[in-house]
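Visitor:
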Amino acid sequence: MGKESIDLRTPDKTHIYEYVMRPAEWRHYIGQNAIKRALEVLMRAAKGRGETMEHVLLYGPAGLGKTTLAHLIAHEMGASLKITSGAALERASDIAAILTNLTPGEILFIDEIHRINKTVEEMLYPAMERRSLDIIVGKGPSARTIQLDLPAFTLIGATTRIAMLTQPFRSRFAGGIFRLEFYTEKEIETILSHSAARIGIEADAEALHIIAGRSRLTPRIANRLLKRSRDVAHVAEQNHITAAIVHKTFDLLSIDEAGLENEDRRFLGILIDKFNGGPVGLSTLAAAASEDPDTIQEVYEPYLLRLGFIERTPRGRVATSRAKEHIKN
Ligand code: ADP
-18 MGKESIDLRT
-8 PDKTHIYEYV
2 MRPAEWRHYI
12 GQNAIKRALE
22 VLMRAAKGRG
32 ETMEHVLLYG
42 PAGLGKTTLA
52 HLIAHEMGAS
62 LKITSGAALE
72 RASDIAAILT
82 NLTPGEILFI
92 DEIHRINKTV
102 EEMLYPAMER
112 RSLDIIVGKG
122 PSARTIQLDL
132 PAFTLIGATT
142 RIAMLTQPFR
152 SRFAGGIFRL
162 EFYTEKEIET
172 ILSHSAARIG
182 IEADAEALHI
192 IAGRSRLTPR
202 IANRLLKRSR
212 DVAHVAEQNH
222 ITAAIVHKTF
232 DLLSIDEAGL
242 ENEDRRFLGI
252 LIDKFNGGPV
262 GLSTLAAAAS
272 EDPDTIQEVY
282 EPYLLRLGFI
292 ERTPRGRVAT
302 SRAKEHIKN
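Residues in the sequence shown are numbered from -18 upward in steps of one, following this note's numbering.
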């Protein structure tokens, strides 16, 4: 059978299954317990006072559940959710239009918030602090600022790159800054069993266990692997995912025991073979791999660091002996 190459890590939030598989209830959001507890206190306190929840910032690698949390917070608060992305907020007028159209109590979710433009960031400061939109009209000596009152709202920011946010911006997330962690295999198995039920496929516990082991401990990837396994099952005219089906799926997708794909192995191969395992600086490594340094930091590295396959040292990236062992086999 030929090898199929798909990038399981690219966000695909528009796909219908993202919605189908997304938990609709707070209690179905598995794991991240410390964050959930902190958010529960924030929500309860706000509700008790009849206020909106304070602004929060969620960060961590893609696919760990930041957008899902925003949906669930809105659901718990009985508020509607407006979603936008940092890349879409280029001009002052972009954010002004969004903020002035918010309804009282609404939650504004800005994904990839590290991508917003500096001017937009500065307009958010008074909006976050005192619900005020400061608009400069005119130019030169006749320029003046008009202040518009905004309705009460909660900003939920999400980012994969917390270090790119300035300190003044971070400090305005008065409700807290929360880092999402990779899940345990057990938690991923639970998520998978709920997802299987939601998409109407049966799966053996063993099959889910194998998928969890190669899911990069990331719900989005686990869910996609489940869908791919379902495809393989359906092609074999079965409505049941077994361990054999899962192994066939991994073979088809060239995903190894560590959950690494061809692209990850190629990246590690360059670090090990071309740079003798490092240390090598990010930009040199990115050039050798023909990748953007951001992609390396956001897509490749988080899980390789988690696996202990690479280390970030002051002198650059280093491949560990575990990585060398893995690539050799
Ligand atoms: P992010 O915004 O961090 O990139 P998402 O919130 O879009 O990640 O999550 C990706 C998918 O993974 C969601 O569609 C959802 O189905 C699933 N998911 C994420 N976190 C959880 C969780 N804690 N429990 C159950 N499913 C989850």
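The beta-carbon is built from N, C-alpha and C at its ideal position, and this holds for glycine as well. Quick caveat: nothing in here was measured; it's all calculated off a predicted structure.
1. Is it right to say T294 is buried, meaning 16 or more other beta carbons lie within 10 angstroms of its own, or is it exposed?
2. If you measure from each CB to the nearest heavy atom of the ligand ADP and keep those under 5 Å, what residues do you get, in chain order?
3. Taking 6 Å as the limit between beta carbons, can you name the residues of its chain near E102, skipping five residues before and five after?
4. When DSSP labels each residue in this structure, what does R303 get in the three-state scheme?
5. What residues match up with H56 in a beta bridge as DSSP calls it?
6. Which value, in whole angstroms, describes the spacing of the CA atoms of R298 and R201?
7. Here's the rule I'm using: 16 or more other beta-carbon atoms within 10 Å means buried, otherwise exposed. How should K47 be labelled?
8. Please confirm whether F134 and L105 have their CB atoms less than 9 Å apart.
9. Would you kindly check if the distance between the Cβ of G67 and the Cβ of R96 is under 9 Å?
10. Starting from the C-beta of L80, find all residues in its chain whose C-beta is less than 6 Å away, skip the five residues before and the five after it, and write them out in chain order.
11. Excluding the 5 residues flanking A155 on each side, which residues of the same chain have their C-beta closer than 7 Å to its C-beta?
12. Considering Cα atoms alone, identify which of G258, I180, A73 is closest to E306.
13. Under 6 Å Cβ to Cβ from F248, same chain only, skipping five residues before and after it: list those, please.
14. Excluding the 5 residues flanking A188 on each side, which residues of the same chain have their C-beta closer than 8 Å to its C-beta?
15. What are the partner residues of L89, as DSSP defines its beta bridges?
16. By the 10 Å Cβ neighbour count, where 16 or more other Cβ atoms means buried, how is G41 classified, buried or exposed?
Guide: According to the data block:
1. exposed
2. E(-1), M2, R3, P4, Y10, I11, A43, G44, L45, G46, K47, T48, T49, I172, P200, R201
3. F150
4. helix
5. Partner(s): none; H56 has no beta bridge.
6. 27 Å
7. buried
8. no
9. yes
10. A108, L114, L131
11. E35, H36
12. G258
13. A270, Y281
14. S210, I222, T223, A224, I226, V227
15. K63, L136
16. buried
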